[in-house]
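Enquirer: These protein sequence lines map, in sequence, to chains A and B. FYI, in the working numbering the residues of the first sequence are 2 to 115. FYI, in the working numbering the residues of the second sequence are 2 to 114.
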Amino acid sequence: AQKITQTQPGMFVQEKEAVTLDCTYDTSDPSYGLFWYKQPSSGEMIFLIYQGSYDQQNATEGRYSLNFQKARKSANLVISASQLGDSAMYFCAMREFTGNQFYFGTGTSLTVIP
Amino acid sequence: EAGVAQSPRYKIIEKRQSVAFWCNPISGHATLYWYQQILGQGPKLLIQFQNNGVVDDSQLPKDRFSAERLKGVDSTLKIQPAKLEDSAVYLCASSLAGLRAQFFGPGTRLTVL
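(1) Quick one: which chain B residues come within Cβ less than 8 Å of residue 32(A)?
(2) Under the assumption that residue 90(A) contacts residue 52(A) (Cβ atoms under 8 Å), give the Cβ distance between them as a whole number of angstroms.
(3) Look up residue 27(A) in the DSSP assignment and say whether it is helix, strand or coil.
(4) Buried or exposed for residue 118(A), please, with buried defined as at least 16 other CB atoms from any protein chain shown within 10 angstroms of its CB.
(5) Reducing DSSP to helix, strand and coil, say where residue 16(A) ends up.
(6) Quick one, which residues of the stretch 18-29 of chain B are near chain A if we go by CB-CB under 9 Å, in chain order?
(7) Would you kindly check if the distance between the Cβ of residue 5(B) and the Cβ of residue 76(B) is under 8 Å?
(8) Using beta-carbon positions only, say whether residue 85(B) and residue 113(B) come within less than 8 Å of one another.
(9) Name the DSSP beta bridge partners of residue 85(A), please?
(10) Helix, strand or coil for residue 85(B) per DSSP?
(11) Drop a sphere of 10 angstroms on the beta-carbon of residue 109(B), count the other beta-carbons inside from all chains shown, and report buried for 16 or more, exposed for fewer.
(12) Taking a Cβ distance cut-off of 7 Å, strictly less, list which residues of the stretch 43-70 of chain A are near chain B, in chain order.
(13) Kindly list, in the order they appear in chain B, the residues whose Cβ is closer than 7 Å to that of residue 108(A).
(14) May I ask you to check if the CB of residue 3(A) is nearer than 7 Å to at least one heavy atom of the ligand ATP?
(15) When you compare each of 63(A), 81(A) and 55(A) to residue 69(A) by their alpha carbons, which one comes out closest?
(16) Might you give, ordered along the chain, the residues of its own chain that have their beta carbon closer than 6 Å to the beta carbon of residue 39(B), omitting 5 neighbours on each side?
(17) Contact between the stretch 16-26 of chain A and the stretch 68-84 of chain A is defined here as three or more beta-carbon pairs at a separation below 8 Å; is this criterion met?
(18) Which residues, in chain order, does the stretch 46-57 of chain B contribute to contact with chain A at a C-beta distance below 9 Å?
(19) For the beta strand (DSSP E) holding residue 22(B), just list the boundary residues, first then last.
(20) Residues of the stretch 79-92 of chain B with a CB closer than 8 Å to any CB of chain A: list them in chain order, please.
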């Protein structure tokens with residue numbers, strides 16, 4: 002089974018609107034971390050936001066927030082007030098405490114329309 | 002705080018030649034990762050080091066790829082001999098132990114002709 006599933010290969014959003022990028026995960030480890038990365042066309046992977054499995058509140062970092070639904074095993078990224086510079090690939094990732102490995106999804110390509 | 006450094010940024014070689022990439026992680030990061038990212042795909046883990054020991058190299062094509070991390074700091078990844086399908090971006094990342102984020106270097110874009 003896939004550890005991380007991103008079902009949206011491509012998404013479009015109007016500038017200044019909010020957008021949600023979906024991510025579901027699969028693990029039996031009770032302790033894990035969830036991450037989102039942004040990869041613009043320049044190729045660099047940029048860390049955006051982290052959510053721990055024991056965190057009671059959803060993580061937020063500026064315009065980024067993570068909608069964490071533990072029972073559904075989902076960790077969706079919400080970008081508020083989209084900007085043209087948000088156009089990029091977005092990867093969801095998970096790290097399990099046991100094994101110390103990182104698992105990446107296949108990514109979602111986001112295009113912000115002026 | 003300096004980020005993850007990688008060199009070279011670009012490399013063009015012919016098939017059957019050899020190539021080496023270098024990575025210097027963020028100071029104090031015990032875990033170091035090498036990924037291969039083919040255009041349009043997500044990163045694929047090649048090898049993971051914890052200090053200078055290998056944690057996972059299950060997806061490293063060991064007949065042609067090798068990696069080392071001497072003294073638990075810098076790391077080199079080598080391909081010998083290169084094939085056309087090795088054309089990709091090679092990303093190095095590092096992290097602290099535990100449930101911490103990885104931080105990536107700028108990558109090396111390899112083209113094999």
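Note that CB positions come from ideal geometry on N, CA and C, so glycine has one too. Computed from a predicted structure; not experimentally measured.
Expert: Let me lay it out:
(1) 100
(2) Cβ atoms of residue 90(A) and residue 52(A) stay farther apart than 8 Å, at about 20 Å.
(3) coil
(4) Only positions 2 to 115 of chain A appear in the structure, and residue 118(A) is not among them; the question remains open.
(5) coil
(6) none
(7) With respect to the 8 Å criterion, residue 76(B) and residue 5(B) are not classified as neighbours on the basis of their beta carbons.
(8) With contacts defined as CB atoms closer than 8 Å, residue 85(B) and residue 113(B) qualify as a contacting pair.
(9) Looking at the DSSP assignment, residue 85(A) forms no beta bridge with any residue, so it has no partner.
(10) Note: residue 85(B) maps to helix in three-state DSSP.
(11) buried
(12) 44, 45, 46, 48, 51 and 53
(13) The contacting residues are 43.
(14) Ligands in the displayed structure: none, and consequently the ligand ATP is not present.
(15) For the residues 63(A), 81(A) and 55(A), the minimum Cα distance to residue 69(A) belongs to 55(A).
(16) 89
(17) Taking a cut-off of 8 Å on C-beta distances, the stretch 16-26 of chain A touches the stretch 68-84 of chain A, as three or more cross pairs fall below it.
(18) Of all residues in the stretch 46-57 of chain B, 46, 49, 51, 56 and 57 have a Cβ within less than 9 Å of some Cβ in chain A.
(19) 20-25
(20) 90 and 92
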